Amino acid sequence: KQEVTQIPAALSVPEGENLVLNCSFTDSAIYNLQWFRQDPGKGLTSLLLIQSSQREQTSGRLNASLDKSSGRSTLYIAASQPGDSATYLCAVSGNTPLVFGKGTRLSVIA
Amino acid sequence: GAVVSQHPSRVICKSGTSVKIECRSLDFQATTMFWYRQFPKQSLMLMATSNEGSKATYEQGVEKDKFLINHASLTLSTLTVTSAHPEDSSFYICSAGDRNRGFPYEQYFGPGTRLTVT
């Protein structure tokens, strides 16, 4: 059974810092991995989707990497801003529907 | 493109009543819709998968007679929580995808519905 773990559970950084969020999964037989953003009481916003054949995807200040063989992904956020404060969820797609991690709650302090 | 809406965004109901939540794909045909439940500070847990015109497939531990899912058209799926109890209070999120785009297809998420049962 696929399990997704995200570390840390919570993170607080000063504005302007670069940061890394981690995601690991137990079954490397995945089709793709997605990173989502969730604001309090809101739905999900897809940030980046990495296909299993890819190693990374970039969008603006965000860069996500994927090492399928080791079951790991990282989300790198450059020059963090208070508006980046949210919960970031990692999810993998394989033979089962999307399996989500519990997320990392990020607070960027002005 | 690929917008999914949910209605209502918030609902408060009394214990024992039933509540219906709608999930609509606004600009694409959703052959498959997924219903998730999220408890505070927890991850999204898949409740069921529904394909248009077919019965929903429920995940282990989810009571199909309590959580009724209908996916009668390519743009609308409904989740009805029957005889709701306070422990059903949660954030319900739907997602939609088009399996005709090839597997794996991307899922597009709705904004969620906050259900509070008093």
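Taken in sequence, the protein lines are chains A and B. Anchor point for the first sequence: position 35 equals 35 in the working numbering, and the numbering is continuous, going up by one each time. Anchor point for the second sequence: position 59 equals 1059 in the working numbering, and the numbering is continuous, going up by one each time. Glycine included, C-beta positions come from ideal geometry on N, C-alpha and C. Predicted model, so just to flag it, every value in this text is computed and none were measured.
Note down, in chain order, every chain B residue with its Cβ under 7 angstroms from the Cβ of residue i.
i, result
"residue 100/A", "1043 and 1044"
"residue 41/A", "1114"
Does the separation of the CB atoms of residue i and residue j fall below 9 angstroms?
i, j, result
"residue 1107/B", "residue 1034/B", "yes"
"residue 17/A", "residue 59/A", "no"
"residue 66/A", "residue 21/A", "no"
"residue 78/A", "residue 62/A", "yes"
"residue 1036/B", "residue 1026/B", "no"
"residue 1075/B", "residue 1030/B", "yes"
"residue 1042/B", "residue 1/A", "no"
Against residue i, what residues of chain B qualify as contacts under a CB-to-CB distance less than 9 angstroms, listed in chain order?
i, result
"residue 68/A", "Ordered by position in chain B, no residue passes the 9 angstroms Cβ test against residue 68/A, which lies about 14 angstroms from the chain."
"residue 8/A", "Correct list: empty, because the minimum Cβ distance to chain B is about 14 angstroms."
Chain A partners of residue i, CB-CB under 7 angstroms?
i, result
"residue 1119/B", "Residue coverage of chain B in this structure runs from 1001 to 1118, which leaves residue 1119/B outside it and unanswerable."
"residue 1110/B", "43"
"residue 1049/B", "97"
Just to confirm the assignment, what range does the beta strand (DSSP E) spanning residue i have?
i, result
"residue 74/A", "72-77"
"residue 1098/B", "First-last for residue 1098/B: undefined, no H or E at that position."
"residue 110/A", "Run containing residue 110/A: none; DSSP gives neither H nor E here."
"residue 1020/B", "1019-1025"
"residue 7/A", "4-7"
"residue 1038/B", "1032-1038"
"residue 1012/B", "1010-1013"
"residue 1072/B", "1067-1073"
Between which residues of its own chain and residue i is the CB-CB distance below 8 angstroms, once the five residues before and five after are set aside?
i, result
"residue 1083/B", "1016, 1017, 1018 and 1066"
Once you ignore the five residues that flank residue i on each side, which residues in its own chain have a CB closer than 6 angstroms to its CB?
i, result
"residue 1020/B", "1078 and 1080"
"residue 10/A", "105"
"residue 1032/B", "1051, 1097 and 1099"
Which residues in chain B sit within 8 angstroms of residue i, going by Cβ to Cβ distance?
i, result
"residue 103/A", "1043"
Along chain A, in chain order, which residues have C-beta atoms closer than 8 angstroms to that of residue i?
i, result
"residue 963/B", "With chain B running from 1001 to 1118 in the structure shown, residue 963/B is simply not present."
"residue 1021/B", "Residues of chain A passing the Cβ test: none, with the nearest at roughly 13 angstroms."
Considering only residues of the same chain and omitting the five flanking positions on each side of residue i, which have a CB-CB separation below 7 angstroms?
i, result
"residue 86/A", "37, 38, 39 and 106"
"residue 1090/B", "1037, 1038, 1039 and 1115"
Check your understanding: Are three or more beta carbon pairs between the region 1042-1058 of chain B and the region 45-56 of chain A nearer than 8 angstroms?
Key -> no
Practice item. Flag this pair as touching only if the region 1001-1014 of chain B and the region 81-100 of chain A have three or more C-beta atom pairs under 8 angstroms; answer yes or no. Key: no
Point to revise | Contact between the region 61-73 of chain A and the region 25-35 of chain A (3+ Cβ pairs under 8 angstroms) | key: At 8 angstroms Cβ cutoff, the stretches touch.
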